[in-house]
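Undergrad:
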Amino acid sequence: MKASIKYTPIRLSNDGHVILHDFERVRIEKGFTYSAIGERYGLDRSLIRSVVIGYSNLFCERAIQMAFAVGVKPDDLFLRDIILAGEDKLMFINNPSEKVIEYLEKIKYLSYKDRLKFCIELFNMWSDGKITHKKGEVPFTPDILGFPKDIGNRFASFLDTMLKSEEIRVGNKIMVDDICTVKSRNSYNQMLKEYNKLTFDEKKDILNEVIIRFDTRTLFKEKLDFPKFPEFYTGWDIGETMRSYKVEKE
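Residue numbering for the sequence shown follows my numbering, starting at -1 and increasing by one per position.
(1) In whole angstroms, what is the alpha-carbon distance linking V136 and T130?
(2) Does the distance from the CB of E207 to the CB of K97 come in under 8 Å?
(3) Would you list the one or two residues that DSSP bridges to V136?
(4) For R43, collect the residues of the same chain with a Cβ closer than 6 Å to its Cβ; drop the 5 residues on either side in sequence, then sort them by chain order.
(5) For the structure I just gave you, are there three or more beta carbon pairs, one from the region 117 to 131 and one from the region 183 to 193, closer than 8 Å?
(6) Check each candidate in T159, T216, R215, K191 and name the one with the smallest Cα separation from Y101.
(7) With a CB to CB cut of under 7 Å and the five nearest residues on each side skipped, what residues in its chain are close to K147?
(8) On the premise that N122 lies in contact with G150, defined as a C-beta separation below 8 Å, what is that separation, rounded to the nearest angstrom?
(9) Under a three-way DSSP split, which group does I250 fall into?
(10) I need the DSSP call for I142, collapsed to helix, strand or coil.
(11) I need the straight-line Cα distance from I46 to V245, nearest angstrom please.
(12) If distances are taken between C-alpha atoms only, which option among W234, D213, K202 comes closest to G127?
(13) Classify N93 as helix, strand or coil using the three-state DSSP reduction.
(14) Rounded C-beta distance between L217 and M160? I'm assuming under 8 Å.
(15) Y110 lies in the alpha helix (DSSP H); which residues open and close that run?
(16) How is V50 classed by DSSP in three states: helix, strand or coil?
(17) Quick one: is S242 buried, meaning 16 or more other Cβ sit within 10 Å of its Cβ, or exposed?
(18) Could you check what DSSP says for D42 in three-state terms: helix, strand or coil?
(19) Quick one: grab the DSSP three-state call for F66.
(20) How would you call I249, buried or exposed, if buried means at least 16 neighbouring beta carbons within 10 angstroms?
Here it is as structure tokens:
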């Protein structure tokens, strides 16, 4: 079993030319050269470069070596690139229901502004105990999973800053530069109303997927310079814990 996992290639694109964005960012920030990384793990410099620019398959074993070489977790480092390559076909959650799939599709078609507002409300609901199970009796909050209770509020505050950064003041009016070219098909308020009508498992799955995509900066793909949440909480850690959280059927 281990061998099949160890040598499974992660094909990032059919035509190559998919740069490992996060790896390049971390490598440059920390001052690592390809030669230094290669020397540490006995890898050829040109081989690492060919993987980074998409000319060679990225094997799981090599991904782990490259991530550890620059001092970060491989799941956090490469997950964004894998999601980007998989586009809409790839989801982190397991066996999503049709309702969940349809709902996530609607989120994608929200305008940039409404997507930010939706996520701000959703993350605040999570920390504030407004996502519940057991017929509304038990709040589902981050501390249940072993994370700080206010982590959702901190996510929301971060996104609120991003929303404000898009504001353009014209006279006494505040206009928001909606950089998404797709017109919103559902307002974020309507989306939140629909969310509240879903089952707990469906709510959890949607929150899980949104957190992963927020952390990997694939939730707002039209804004290429969207920053990463500054604290070292990885969407993978939160998502994996949330995915394994089970409650008795209501």
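Ideal Cβ positions, reconstructed from N, Cα and C, are used throughout, including at glycine. Every value quoted in this text rests on a predicted model; they were computed, and no experiment measured them.
TA: Taking the definition as stated:
(1) Locating residue 136 in the sequence shown gives position 138, counting from the first residue. Locating residue 130 in the sequence shown gives position 132, counting from the first residue. Rounded to the nearest angstrom, the two C-alpha atoms are 5 Å apart.
(2) Mapped onto the sequence shown, residue 207 falls at position 209. Mapped onto the sequence shown, residue 97 falls at position 99. Taking 8 Å as the Cβ cut-off, E207 and K97 do not qualify as a contacting pair.
(3) Reading the sequence shown from its first residue, position 138 is the one you call residue 136. Answer by DSSP bridge pairing, in chain order: H131.
(4) Along the sequence shown, read from residue 1 onward, the residue named residue 43 stands at position 45. So the list reads Y32, S33, G36, once near-sequence residues are dropped.
(5) yes
(6) Position 103 of the sequence shown, counted from the start, is the residue given in the question as residue 101. When only C-alpha atoms are compared, the closest one is K191.
(7) The count along the sequence shown starts at 1 and reaches residue 147 at position 149. Excluding residues within five positions, the ones whose Cβ falls inside 7 Å are S125, T139, P140, D141.
(8) Counting from 1 along the sequence shown, the entry for residue 150 is found at position 152. Counting from 1 along the sequence shown, the entry for residue 122 is found at position 124. 6 Å between Cβ atoms; contact.
(9) This structure cannot speak to residue 250, because the chain is shown only from -1 to 248.
(10) Counting from 1 along the sequence shown, the entry for residue 142 is found at position 144. DSSP places I142 in helix when its eight states are reduced to three.
(11) Position 48 of the sequence shown, counted from the first residue, corresponds to residue 46. Position 247 of the sequence shown, counted from the first residue, corresponds to residue 245. Cα-Cα distance, rounded: 44 Å.
(12) Sequence index remark: in the sequence shown, residue 127 carries index 129 (1-based). The shortest Cα separation from G127 among W234, D213, K202 belongs to K202.
(13) Counting from one through the sequence shown, the residue named residue 93 turns up at place 95. In this structure, N93 counts as coil in the three-state DSSP scheme.
(14) Within the sequence shown, the letter at position 219 stands for residue 217. Within the sequence shown, the letter at position 162 stands for residue 160. With 8 Å as the limit, L217 and M160 do not qualify as a contact, their Cβ atoms being about 11 Å apart.
(15) Counted from its first residue, the sequence shown places residue 110 at position 112. 110 to 125 is the span of the alpha helix (DSSP H), which, as asked, contains Y110.
(16) In the sequence shown, the residue the question calls residue 50 occupies position 52. Note: V50 maps to helix in three-state DSSP.
(17) Working through the sequence shown from its first residue, we reach residue 242 at position 244. It is exposed - the Cβ of S242 has fewer than 16 other Cβ atoms within 10 Å.
(18) As a position in the sequence shown, residue 42 is number 44, starting the count at 1. Of the three classes helix, strand and coil, the one that applies to D42 here is coil, per DSSP.
(19) Locating residue 66 in the sequence shown gives position 68, where the first residue counts as 1. In this structure, F66 counts as helix in the three-state DSSP scheme.
(20) Given that the chain is displayed from residue -1 to residue 248, the structure contains no residue 249 and the question cannot be resolved.
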